[in-house]
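**Q** I'd like to ask some things about the structure below.
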Amino acid sequence: MCIRNIRHVLTLCLLFLAVFTILGAAQAQDNVTYFVSPTGSDQCSGTSQNANARPSSDACAFATIARALESARPGDTIAILPGIYREAIRPPTSGSPGRPITIKAQNGPGTVFFYGSVSTADRTWQPYAAYAQAGGQL
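Printed below as a string of C-alpha cells:
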C-alpha cells in the first residue's frame, strides 16, 4: 500500500513538472529587433531592414516609430534607420527588469532626427519607465 502511494505521488510530481516546463517554454520568447525607416510601411512585419520592399512581402521596415513601439515587448530592440521622423514618441508599454525595450539609431550618431509635436529645447531626456533605454546616440 505504501509503495502504491509513493507511485501516485511521483506520478503527480512528474505531471506538474511537465506542465510547468511546457508553460515556461511557451512564455519564453526570443528578443525581436524591429526596424523603422521613413520609406517603410506600417503594414509590414517591421523585422527587416529592407525599407523598399512592398508591404505584401511582409519583409520590410515600419514607417513610424509609433508602430514599432506598439509591437515591441520586453527585451525587444527598435533600430531606427537614417532619416527624419516627425512624430512624438510615446511608448505604450514598458520593458521589465533585465529586459528593457531598447531604441537605437541603426547607423550611429547624426543619422536620425526627431521633429515631434513638442519642442524639447528646454527639456532633458527622461526614461518613460524604469525599464527603458536609448542607445546608438539618438
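When the sequence shown is numbered by the numbering used here, its final residue is 138 and no position is left out of the sequence of numbers.
For glycine and all other residues, C-beta sits at the position ideal for the given N, C-alpha and C.
As the structure is a computational prediction, the values presented were derived from the model and not from experiment.
Can you find the residues in the same chain that come closer than 6 Å, C-beta to C-beta, to Ala-63, ignoring five residues on each side of it along the sequence?
**A** One-based indexing of the sequence shown puts residue 63 at position 63. If we look at Ala-63 and ignore the five residues flanking it on each side, its Cβ neighbours are Gly-40, Ser-41 and Asp-42.
**Q** For Ile-78 versus Ala-68, is the C-beta spacing smaller than 7 Å?
**A** Residue mapping note: residue 78 aligns to position 78 of the sequence shown, counting from 1. Residue mapping note: residue 68 aligns to position 68 of the sequence shown, counting from 1. Yes. Within cutoff.
**Q** When you compare each of Tyr-34, Pro-97, Leu-81 and Ser-94 to Gly-108 by their alpha carbons, which one comes out closest?
**A** Position 108 of the sequence shown, counting from 1, holds the residue named residue 108. Sorting Tyr-34, Pro-97, Leu-81 and Ser-94 by C-alpha distance to the C-alpha of Gly-108 places Leu-81 at the top.
**Q** Which parts of the stretch 39-88 are runs of the alpha helix (DSSP H), unbroken and 4 residues or longer, counting only runs that do not cross its ends?
**A** 65-71
**Q** Tell me, please, which residues DSSP counts as bridged to Arg-99.
**A** Translated into the one-based positions of the sequence shown, residue 99 becomes position 99. Ser-96, per the DSSP bridge assignment.
**Q** Of the choices Ala-61, Ser-94, Ala-59 and Cys-44, whose alpha-carbon is the least far from that of Gly-75?
**A** Position 75 of the sequence shown, counted from the first residue, corresponds to residue 75. The candidate whose alpha carbon is nearest that of Gly-75 is Ser-94.
**Q** Hey, how far is the Cα of Val-32 from the Cα of Gly-46?
**A** Along the sequence shown, one-based indexing puts residue 32 at 32. Along the sequence shown, one-based indexing puts residue 46 at 46. Straight-line spacing of the CA atoms in Val-32 and Gly-46 works out to 10 Å.
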